[in-house]
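J.:
Protein chains in written order, with my numbering: chain X, 43 to 281; chain R, 2 to 174.
Written out as structure tokens, the structure is:
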């Protein structure tokens, strides 16, 4: 993991505007969020680098600025499962810092990643501050938790209400073929239910991003990032 | 009945100066609901949350013509926070006063104007801890159910899982 330093004003502005658009809490304003991002540390991760491991102490939360994070967790049988792929812009790792619990999943960079990290000390100071940065952090987290809960409840209702195993149609085929087909249908049902429960627990754990317009967002972020890199390079050359 | 002195006796406001509570009461005067009054109605749009000061509220959900009580709200607890902090939309439950009740109504306007008021900050911190606890508990419960149903045969496993989730959160039978 490389420490880059502070976030460039352009990148902070773009990320803040997107985060505020995704989380319309009272008093949401991107200038305050930019001030909040200024309090963090910008880091870069290479493809495949680990951001955190399941069971690690939760001592940071992250604003994903650029790239994708793969979230994995061991399931009941001990098999590592992919929970989700979170794309920028997103807030991640906040559950563990709010209640100081261990990480409930492992996070790995999927391609190059750039993020802003807020550690426990900065988080605690902001929680107690009446500044606009403190207020925007508390409300952003509340908005995120409310969204997690609302979407998880809706997934539970959908799982409960819509789940009806597909009946196996009686066909004029041999008994063994019918039995095979019924067995396959049962396995498929089980697999679907498993996937839905995994997605549900990922949503509740804050390990799943809102997927709306992500492609468009990512392209925009890539563009800002490229421009930002170009400017940094020009600055270095001038020196 | 509800004044800054009443508020200061509430756990959520234990460290908040009286001056901040007085300012909050001016900005958001406590609202009284008589017994039986509807506070929120399922399906109606709204963007306010409510902090119960005195009394008790019943929460019920209607599904396919059947009303089901899903919980109660006690003094010091918030209700309706999702409409305030997430994308508004429709109320997911009906909330009624089961005794004469007094509440602080937290609207987006109050939240914007009182952004740096220590009483609002205390409510936000309290709500963060409450929501995080509720989310963890729900997640642990789902994973526990999932683990316990893991050894059953596929159709039994799915039926048991769905029935137990239904028992937890309600839903169509």
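Ideal Cβ placement from N, Cα and C applies to all residues, glycine included. These figures come from a predicted structure and were not determined experimentally.
1) Let me see if you follow: with CB-CB separation under 8 Å, is residue 172 of chain X close to chain B or not?
2) Quick one: Cα of residue 110 of chain X to Cα of residue 9 of chain R, how far?
3) Alpha carbon to alpha carbon, what distance is there between residue 86 of chain R and residue 55 of chain X?
4) Given that a residue counts as buried once 16 or more other Cβ atoms are within 10 Å of its Cβ, and exposed if not, what is residue 140 of chain R?
5) With DSSP as the reference, label residue 55 of chain R as helix, strand or coil.
6) Could you name the residues of the stretch 55 to 83 of chain X whose beta carbon sits closer than 7 Å to any beta carbon of chain R, in the order they occur along the chain?
7) Tell me whether the stretch 86 to 97 of chain X and the stretch 189 to 198 of chain X touch, counting them as touching only if at least three CB pairs, one residue from each stretch, are closer than 8 Å.
8) Using 8 Å as the threshold, is the stretch 122 to 133 of chain R in touch with the stretch 176 to 183 of chain X, meaning 3 or more CB pairs across them?
9) Mapping the DSSP letters down to three states, classify residue 73 of chain R as helix, strand or coil.
10) Identify each residue in the stretch 187 to 203 of chain X for which the Cβ-Cβ distance to at least one residue of chain R is less than 8 Å, and report them in chain order.
11) Quick one: list the residues of chain X neighbouring residue 86 of chain R, beta-carbon separation under 7 Å, in chain order.
12) For chain R, find out if any of its Cβ atoms is closer than 8 Å to the Cβ of residue 113 of chain X; answer yes or no.
13) Check the Cβ-Cβ distances between residue 123 of chain R and every residue of chain X, and say whether any is below 8 Å.
14) Select from the stretch 53 to 85 of chain R all residues with a C-beta closer than 7 Å to any C-beta belonging to chain X, and list them in chain order.
15) Please go through the stretch 120 to 183 of chain X and give each complete beta strand (DSSP E) segment of 3 or more residues, from N-terminal end onward.
16) Would the beta-carbon of residue 106 of chain R fall within 8 Å of that of residue 32 of chain R?
17) Helix, strand or coil for residue 185 of chain X? Go by DSSP, reduced to three states.
18) Does the CB of residue 121 of chain X have a neighbour CB from chain R at under 8 Å?
19) When the distance is taken between beta carbons, is residue 144 of chain X closer than 8 Å to residue 138 of chain X?
20) Is there contact between the stretch 91 to 103 of chain R and the stretch 14 to 24 of chain R, where contact requires at least three CB pairs shorter than 8 Å?
21) State yes or no: is the beta carbon of residue 246 of chain X nearer than 8 Å to at least one beta carbon in chain R?
T.: The structure says:
1) The structure shown has no chain B; the protein chains it does contain are X and R.
2) Indexing the first chain from 1 puts residue 110 of chain X at position 68. Indexing the second chain from 1 puts residue 9 of chain R at position 8. Between residue 110 of chain X and residue 9 of chain R, the C-alpha separation is close to 46 Å.
3) As a position in the first chain, residue 55 of chain X is number 13, starting the count at 1. As a position in the second chain, residue 86 of chain R is number 85, starting the count at 1. Taking the straight line joining both Cα atoms gives about 22 Å.
4) Position 139 of the second chain, counting from 1, holds the residue named residue 140 of chain R. Under the 10 Å beta carbon count, residue 140 of chain R is surrounded by 16 or more other beta carbons and is classified as buried.
5) For the purposes of this step, residue 55 of chain R is taken as residue 54 along the second chain, with counting starting at 1. DSSP places residue 55 of chain R in strand when its eight states are reduced to three.
6) Cβ contacts with chain R: 66, 67, 68 and 69.
7) Short answer: they don't touch.
8) Flag = yes, the stretch 122 to 133 of chain R and the stretch 176 to 183 of chain X touch.
9) As a position in the second chain, residue 73 of chain R is number 72, starting the count at 1. DSSP, read as helix, strand or coil, puts residue 73 of chain R in strand.
10) Within the stretch 187 to 203 of chain X, the qualifying residues are 187, 188, 189, 190, 191, 192, 194, 195, 198, 199, 201, 202 and 203.
11) Translated into positions along the second chain, residue 86 of chain R becomes position 85. Neighbours of residue 86 of chain R across chain X, judged by C-beta separation under 7 Å: 67, 181, 184, 185 and 188.
12) Here the question's residue 113 of chain X lines up with position 71 in the first chain. Residue 113 of chain X does not count as touching chain R.
13) Within the second chain, numbered from 1, the residue matching residue 123 of chain R stands at position 122. Output row for residue 123 of chain R: interface = no.
14) Among the residues of the stretch 53 to 85 of chain R, those with a Cβ less than 7 Å away from any Cβ of chain X are 82, 83 and 85, in the order of the chain.
15) Fully enclosed beta strand (DSSP E) runs of 3 or longer: 122 to 129, 132 to 134 and 148 to 161.
16) Mapped onto the second chain, residue 106 of chain R falls at position 105. Mapped onto the second chain, residue 32 of chain R falls at position 31. It is a contact, given that the beta carbons lie within the stated cut-off.
17) The residue given as residue 185 of chain X occupies position 143 in the first chain. DSSP places residue 185 of chain X in the helix class (H, G or I) of the three-state scheme.
18) The residue given as residue 121 of chain X occupies position 79 in the first chain. Chain R contact via Cβ: absent.
19) On the first chain, residue 138 of chain X is found 96 positions in, with the first residue counted as 1. On the first chain, residue 144 of chain X is found 102 positions in, with the first residue counted as 1. It is a contact, given that the beta carbons lie within the stated cut-off.
20) No contact exists between the stretch 91 to 103 of chain R and the stretch 14 to 24 of chain R.
21) Within the first chain, numbered from 1, the residue matching residue 246 of chain X stands at position 204. At least one C-beta of chain R is nearer than 8 Å to the C-beta of residue 246 of chain X.
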